[in-house]
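Q:
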Amino acid sequence: MASVACGSEQSDRNPSGDGVTGTVTVFAAASLRDTFTEIGTAFEQVHDDAAVVFNFAGSSDLAGQLAQGAPADVFASADTVTMSRVVDEGLVAGDPVLFAANTLTIVTEPGNPKGITSFDDLGRDGVSAVVCAPQVPCGAATVRAEEATGTELSPVSEESSVADVLAKVTSGQADAGLVYVTDARAAGDAVTVVAFPESGDSVNSYPIAVLEDSRNPDAARAFVDFVAGPEGLEILGEAGFAGP
């Protein structure tokens, strides 16, 4: 499990006296890596005696880990379908909270050398496109975009997370890929972004929930509230996420 810890060790903290203590382990979709790392740091600054540890991966992979008993306090998915699976398996305490939305866009190599201007161009001869696998949220959104455009893609690879799709494009292994607008923004000059009008059919809503077997439910609930509160939403908005 790849984890990212925010801030300093708990032993270096001064208690804030707000009752939020200990470590919160958060399983979060790969597309949330940058924003949640920032949110985790902000959360720790408010709650001096709490620490946040992240496991970022494709939502479906994370759901599978949770189903197999991986210990965690919070789960944030890149779509409601994957969260529903976790809820149906009895792994969630209470109701999930929607906190953001994200939309697909096309990214190409810098300068767009293949001249891609539309979704249809991803299926053109001579264009190597990479997408998320259908079972993960960004892949399900890709399927909806295919249906909306009437274009069936033949990608050179199907990846388990949107971060892997982006990496294929930025490393030159593919001419273009379908990623979330937030990932495209974070990539900066490493890609050229090509918007397509049918992207409105590929919007994913992001839910977050406290897990039933959380070892630190009070701090987990505080983190969920922080994500869905003003500070969390501001950080998400600055990264390009839409409101829930």
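So the working numbering is basically just the index in the sequence shown, starting at one, shifted up by 201.
For glycine and all other residues, C-beta sits at the position ideal for the given N, C-alpha and C.
Taking 8 Å as the CB-CB cut-off, is residue 438 touching chain D?
A: In the structure shown, chain D does not exist; there is a single protein chain.
Q: Over what stretch of residues does the beta strand (DSSP E) that includes residue 360 continue unbroken?
A: Counting along the chain, the beta strand (DSSP E) containing residue 360 begins and ends at 358–360.
Q: Mind checking which residues open and close the alpha helix (DSSP H) that includes residue 296?
A: Careful: residue 296 lies outside any alpha helix (DSSP H), inside the beta strand (DSSP E) at 293–309.
Q: Tell me the rounded alpha-carbon separation between residue 329 and residue 397.
A: Rounded to the nearest angstrom, the two C-alpha atoms are 18 Å apart.
Q: Could you give the distance in angstroms between the alpha-carbon of residue 415 and the alpha-carbon of residue 260?
A: So the two alpha carbons sit approximately 18 Å from each other.
Q: So, residue 436 versus residue 226, is the Cβ gap smaller than 8 Å?
A: No, Cβ-Cβ distance for residue 436 and residue 226 is not below 8 Å.
Q: To the nearest angstrom, how far is it from the Cα of residue 306 to the Cα of residue 426?
A: Each residue's alpha carbon lies about 29 Å from the other.
Q: Could you spell out the range, first to last residue, of the beta strand (DSSP E) harbouring residue 224?
A: Looking at the DSSP string, the run of the beta strand (DSSP E) that includes residue 224 is 223–230.
Q: Report back the beta-carbon spacing between residue 254 and residue 224 to the nearest angstrom; my notes put them in contact at under 8 Å.
A: Indeed they touch by this definition, with Cβ atoms about 6 Å apart.
Q: Taking the continuous alpha helix (DSSP H) assigned at residue 364, which residues delimit it?
A: First-last of the alpha helix (DSSP H) with residue 364: 363–371.
Q: What three-state label does DSSP hand residue 409 in the structure shown?
A: Residue state, collapsed to three classes: strand.
Q: What do you get for residue 376, buried or exposed, if any count of 16 or more other CB atoms within 10 angstroms of its CB means buried?
A: So residue 376 ends up on the buried side.
Q: What is the rounded straight-line gap between the Cα of residue 444 and the Cα of residue 407?
A: The straight-line gap from Cα to Cα measures roughly 10 Å.
Q: May I ask you to report which of helix, strand or coil DSSP gives residue 392?
A: Reduced to three states, the DSSP call for residue 392 is coil.
Q: Under three-state DSSP, which class holds residue 354?
A: Residue state, collapsed to three classes: coil.
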